[in-house]
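Participant: When we follow the numbering used here, the leftmost residue of the sequence shown carries the number 2, and every step to the right adds one.
The beta carbon of each residue, even a glycine, is placed where N, CA and C say it ideally should be.
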Amino acid sequence: MAKAKVGAAGIEYIQGAMKRPKKVNGHNHGNYLVMTHRTAPTQNPNCQGIYSFDSDRYDRTGEPTTKELQVRARFAAVRAMVAERADDLSHISSDQAAFIAQKDTAGGKKTMRAYLWMVCGAEYDAEHQG
């Protein structure tokens, strides 16, 4: 959904999807209406843009590649490993200690969930290497 900033004079800017197509009986009605607001500093006074896209803009046009199917399989497997490890009482204390030790280092994960994704992802990659 879109974000809007409202000031004393009304809406200052809108950023995001203002309208999405509605799916009825397997096909879409309407189109996408997207507004952008540039926040980077620039000399150009035109920082607002509005775009309209067809309802099928984000539909897939081809079959997934082998690489994409491998990435999907990895994601599903790692997600299951993270859920299992988060509930496993035999790993909780050691995971918490390891998480706290790496949290404030350069490149350290800032949340426990991100840390578990890193650990389980590395575990999965080690198992499926070659």
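1) Would the segment 84 to 94 count as touching the segment 54 to 74 if we require 3 or more Cβ pairs under 8 Å?
2) Excluding the 5 residues flanking C121 on each side, which residues of the same chain have their C-beta closer than 7 Å to its C-beta?
3) Which stretch, first to last residue, makes up the beta strand (DSSP E) that contains Y33?
4) Relative to the C-alpha of A3, which candidate in R21, A9 and A10 has its C-alpha closest?
5) Within 8 Å, do at least three Cβ pairs link the segment 53 to 62 to the segment 91 to 98?
6) Among residues of its own chain, excluding the 5 on either side of L70, which ones have a beta-carbon nearer than 7 Å to its beta-carbon?
7) In whole angstroms, give me the CA-to-CA distance for K110 and Q97.
8) What number of angstroms, rounded off, separates the C-alpha of G31 from the C-alpha of P42?
9) Since M36 contacts G8 with CB under 8 Å, what's their CB separation in whole angstroms?
10) Please state the DSSP three-state secondary structure of G131.
11) According to DSSP, V25 sits in a beta bridge with which residue or residues?
12) Hey, could you find the ends of the alpha helix (DSSP H) Q49 is sitting in?
Facilitator: The relevant details are as follows:
1) no
2) V79, M82, V83 and R86
3) Y33 to H38
4) R21
5) no
6) none
7) 12 Å
8) 34 Å
9) Contact flag wrong, Cβ pair sits at about 16 Å.
10) With a pLDDT of only 48 at G131, under the threshold of 50, the placement of this residue in the model should not be trusted; the figure read from the coordinates follows. Coil, per DSSP.
11) H28
12) Where Q49 is concerned, there is no enclosing alpha helix (DSSP H), although the beta strand (DSSP E) it sits in stretches over Q49 to F54.
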